[in-house]
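First the structure, in the form of structure tokens, and then the observations on it.
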Amino acid sequence: MSLLDRTCRLLFFFSITGTRVTVSYDINGNNGTITSPNFPLSYPDYISRLWNITVSSGNRVKLHFISFHLHSSVICKYDFVQIRDGYLPSSGVIVRMCGHQRSEKTLYSSGRHLQIYFETDASGSYPGFKVSYKAVGE
Numbered sequence: 002m003s004l005l006d007r008t009c010r011l012l013f014f015f016s017i018t019g020t021r022v023t024v025s026y027d028i029n030g031n032n033g034t035i036t037s038p039n040f041p042l043s044y045p046d047y048i049s050r051l052w053n054i055t056v057s058s059g060n061r062v063k064l065h066f067i068s069f070h071l072h073s074s075v076i077c078k079y080d081f082v083q084i085r086d087g088y089l090p091s092s093g094v095i096v097r098m099c100g101h102q103r104s105e106k107t108l109y110s111s112g113r114h115l116q117i118y119f120e121t122d123a124s125g126s127y128p129g130f131k132v133s134y135k136a137v138g139e
């Protein structure tokens, strides 16, 4: 994620659970792009990333997946991206995705907060994802 081409506040947090370290990013800005680590090359094994996106009041978050290619499984239990409608762990899940999306996908939050969670294991590495986010009027 490049910080040179946009203005936003970015905070990093780390937590350790088992063999996986979760890196969290709090992003406050009305637009930007997020990619999985090493995109478009293969992402690393055993990573956990969390992006909490907050846009300005009175807006929702529009999330647009430009590219998406993860390890595929029936219930997305190995490598996956999970989108929550809010910034809390208890916020409702909009979608949990894995595999290869051949067409672009667009999602919306119901309010000004949205969470992207990405987790991998060692079952295979793929290019990952590239997603843009943007504030849109409610």
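The sequence shown runs 2 to 139 under the working numbering.
For glycine and all other residues, C-beta sits at the position ideal for the given N, C-alpha and C.
If you're wondering where the values come from, they're calculated on a predicted model, not measured in any experiment.
Decide if Tyr134 is buried, meaning its Cβ has at least 16 other Cβ atoms within 10 Å, or exposed.
For Tyr134, the number of other beta carbons within 10 angstroms of its own is at least 16, and it is reported as buried.
Between the C-alpha atoms of Glu120 and Gly138, what's the straight-line distance to the nearest angstrom?
30 Å
With a 10 Å radius around its C-beta and 16 neighbouring C-beta atoms as the bar for buried, classify Gly129 as buried or exposed.
buried
Tell me which residues share the same chain as Val97 and place their Cβ nearer than 7 Å to its Cβ, disregarding the 5 neighbours each side in the sequence.
Reading off the sequence, residue 97 comes out as Arg, not Val. Excluding positions up to five away in sequence, the list reads Cys77, Phe81 and Gln83.
My output table needs one value for Gly100: the three-state DSSP class, helix, strand or coil.
coil
What does DSSP give as the partner residue(s) for Ala136 in the beta ladder?
Val62
Select from Leu71, Val22, Gly125 and Ser92 the residue whose C-alpha is nearest the C-alpha of Gly100.
Leu71
Contact set for Tyr47: own chain, Cβ-Cβ below 8 Å, skip 5 residues either direction:
Thr20, Arg21, Thr121, Asp122 and Ala123
Using only alpha-carbon positions, find the residue among Pro41, Asn29, His65 and Glu105 that is nearest to Ser57.
Asn29
Quick check: what's the CA-CA separation for Ser3 versus Val62?
In this prediction, Ser3 scores a pLDDT of 39, lower than 50, which makes its location untrustworthy; the coordinate-derived value is nonetheless stated afterwards. When rounded, the distance between both Cα atoms is 19 Å.
Please classify Phe40: does DSSP put it in a helix, a strand, or coil?
coil
In the DSSP assignment, the beta strand (DSSP E) including Ile76 goes from what residue to what residue?
Element bounds for Ile76: n/a, residue is neither H nor E.
Identify, in the order they occur along the chain, each residue of the same chain with its Cβ nearer than 7 Å to the Cβ of Ser37, setting aside the five sequence neighbours on each side.
Tyr44, Phe119, Gly129 and Phe130
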